[in-house]
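Scroll down for the structure; my scribbles are underneath it.
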Amino acid sequence: MKTINLNISTIKRVLWGIAFLGLFILINHTILRGQWIRDIELYFEYSRNILAGQIPYFDFAAEYPPAAFLPMLPPQLLAQESLDQYRVWFAVENCILVCLGAILGLQLESNSAPKLNIQFKVWRRLKWILPLAISAVLVFWLSPLLFLALIILPLIVGITRSTRLTSQQKQTLGVYGIYILILSPLWLWRYDIFVAVIILLSLVSLRQSRFVFSGLCVGLGILAKLYPVMMLPPIALYLLVQRAYAQLLKFGLAVVGICGLGTLPFLLVDRHQFFSFLGYHQERPLQLESLPAGVAILLHQLDILDVEKILSHSSESLVFPGDRLILSLLPIIFVVGCCLSSGWLGYCFSKQYQKQTQIPLMWLMESCLLLHLVFMLSNKVFSPQYVIWLLPFMICASQRSRIIFLWVCLLTILVYPTFYAQLLSSPMVALLLNARNGLMLVWAMLVCNQLKPRASERIP
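Sequential numbering from 125 applies to the sequence shown in this note's numbering.
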């Protein structure tokens with residue numbers, strides 16, 4: 125009779141997986157219980173309406189782009205119109221996406237070969253997977269929390285068991301796990317992790333010179349959340365400076381093609397009604413955690429400015445004297461910031477290419493990071509889950525960027541949801557918010573400086 129040989133290394137992986145799950149459960153189901161309600165209810169209603177045959181934007185109002193509904197539908201098929209079951213299945217879906225993101229991150233980090241050597245035979249040896257899965261389904265009806273644990277633990281162990289990891293990949297996997305654990309209150313019941321995994325897939329495809337597929341992924345990300353459009357200037361400059369004109373054309377046509385296919389059916393019905401989701405966001409006031417709102421809250425704590433917190437467009441917002449002027453200036457600041465950043469990237473890329481005839485992948489990551497920071501800091505809305513947008517670029521980012529992102533994650537979680545209710549009343553919480561926003565502003569400057577060409581040294 126064959127037996128499963130569990131060595132010390134395997135036991136350590138299992139113990140680390142259990143410890144990870146313990147912290148994960150503690151954070152999301154004990155400390156932060158009930159924080160998931162608002163977003164998941166919206167996803168539940170949207171998916172139920174679509175499965176009932178209704179068309180988004182026409183039969184019911186929706187605040188998201190077309191591809192945003194893709195991750196909302198599978199949990200509804202299993203939830204049987206129960207919000208509690210939908211919440212669990214949505215969390216399961218996101219946990220699977222997180223594990224897929226880990227695999228893609230390892231593949232992106234792999235320096236020796238463009239593709240990871242996955243040993244699928246390991247899965248055949250783990251004969252307990254099938255009975256565990258059956259048990260999990262049976263347990264689901266009694267304890268959704270235990271079901272979630274039984275799903276994610278084999279995936280964590282499977283990733284570490286089924287790949288030959290270099291020391292750099294082990295470090296990347298560990299850093300990724302820390303980010304995921306800290307940000308779990310934000311990604312578990314929101315669809316932002318779906319877009320982050322798509323962006324990771326586009327970066328892996330770009331590294332493997334699969335430009336059409338990479339463009340399709342970026343286009344799908346734009347259709348799901350809009351913000352991946354900020355990847356277009358860095359990638360275009362990355363290919364243009366290296367004179368990869370054909371590759372740039374393939375990438376661009378793929379982005380335009382998938383965006384056109386995704387929007388054309390809605391445009392043919394009623395383009396004005398379709399773009400209502402953009403009008404929804406244009407009408408929003410300053411969200412509570414945005415850069416200008418954070419400064420206003422700090423001035424309020426010093427009795428310099430009177431502010432009022434209101435609930436608008438499903439989020440906490442801020443109204444104060446002069447807020448309309450700031451709202452009118454933010455789009456100008458955004459456009460100027462994007463133009464200056466893109467011009468700086470083009471200059472840095474060209475100098476680097478002249479020196480080494482190639483541009484490192486880390487430069488592309490840092491460049492995408494810079495444009496996303498510009499977008500987030502010049503936006504009137506800065507929801508806490510926006511920090512998930514930066515996760516894909518941390519895989520091959522510099523050590524400094526990884527450390528700064530860790531602090532950004534910690535400060536974000538301290539503000540929301542930990543002390544969110546005290547944001548206007550507590551000076552300490554206001555300082556935490558402004559420290560997070562200020563750190564991101566400094567981060568953007570440091571990225572610009574890191575990409576600065578230097579005559580006396582080779583840039584990594």
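Ideal Cβ placement from N, Cα and C applies to all residues, glycine included.
Contact under 8 Å by Cβ, residue i with residue j
i    : j    : result
Q411 : F506 : yes
V336 : P352 : no
L547 : I421 : yes
C520 : L495 : no
A320 : I512 : yes
Q200 : Y188 : no
L324 : G225 : yes
L340 : A378 : yes
T290 : G229 : no
L361 : Q371 : no
L534 : I302 : no
V498 : C462 : yes
P195 : F390 : no
P409 : L442 : yes
P357 : I537 : no
V328 : L232 : yes
L175 : L197 : yes
Same chain, Cβ closer than 8 Å to residue i, neighbours up to 5 away in sequence not counted
i    : result
N173 : P180, D183, F184
L207 : I164, E165, F168
V393 : I179, F182
N235 : Its pLDDT being 49, under 50, N235 is placed unreliably in this model, and the coordinates cannot settle the point.
E407 : H437
I483 : Y362, V365, Q366, F473, Q476, Y477
One or two residues paired with residue i in a DSSP bridge
i    : result
P180 : F184
K433 : L442
L410 : L442
Min CB distance residue i to chain C below 8 Å
i    : result
D183 : Annotation note: the requested chain C is absent from the structure, which comprises a single protein chain.
Distance between residue j and residue i (C-alpha atoms, nearest Å)
i    : j    : result
L312 : M569 : 31 Å
F517 : W487 : 10 Å
E440 : A554 : 15 Å
T481 : S522 : 21 Å
L501 : I227 : 30 Å
H424 : E217 : 41 Å
P577 : S466 : 15 Å
Y170 : S436 : 19 Å
F444 : M355 : 34 Å
K239 : S338 : At K239 the pLDDT is 41, less than 50, meaning the model places this residue with poor confidence; the figure from the coordinates comes in the next sentence. In a straight line, the C-alpha of K239 is about 15 Å away from that of S338.
D447 : R162 : 26 Å
Q478 : Q366 : 10 Å
N503 : L565 : 13 Å
M552 : L388 : 49 Å
H405 : A186 : 11 Å
I456 : V431 : 24 Å
Q332 : I304 : 26 Å
W567 : Q476 : 21 Å
I322 : I428 : 44 Å
V460 : S438 : 29 Å
Q292 : F193 : 36 Å
S414 : L454 : 11 Å
F458 : S549 : 30 Å
K294 : C383 : 36 Å
S259 : C223 : Reliability fails at S259, whose pLDDT of 49 lies under 50, so the model's placement of it is uncertain and the value that follows must be treated cautiously. Near 21 Å, if we compare the C-alpha coordinates of C223 and S259.
V380 : L426 : 49 Å
Nonlocal neighbours in the same chain, by C-beta distance under 6 Å from residue i, ignoring five residues either side
i    : result
S316 : One point to set straight first is that residue 316 is Asp, not Ser, in the sequence displayed. So the qualifying residues of the chain are Q509, I512.
M489 : F517, C520, A521
N573 : none
G470 : L361
P491 : The question names Pro, yet the displayed sequence has Ser at residue 491. The answer, listed in chain order, is P358, L469.
S474 : V365
I450 : P416
Cutoff 7 Å; reference residue i; Cβ partners in own chain excluding five residues on either side
i    : result
G562 : none
L493 : L514, F517, A521, S525, V571
Q531 : It is Trp, not Gln, that sits at residue 531 in the sequence shown. Here the set comprises L563.
R314 : D163, Q509
A191 : L344, L347, A348, G386
W213 : P199, L202, A203
Residue i Cβ short of 7 Å to the ligand ATP heavy atom set
i    : result
L563 : Judged by which ligands are present, the structure shown has none, so any question about the ligand ATP falls away.
*At least 3 beta-carbon pairs within less than 8 Å: the segment 535-543 vs the segment 389-404*: no
*Evaluate the contact criterion for the segment 552-566 versus the segment 405-419: three or more CB pairs, one atom per stretch, below 8 Å.*
yes
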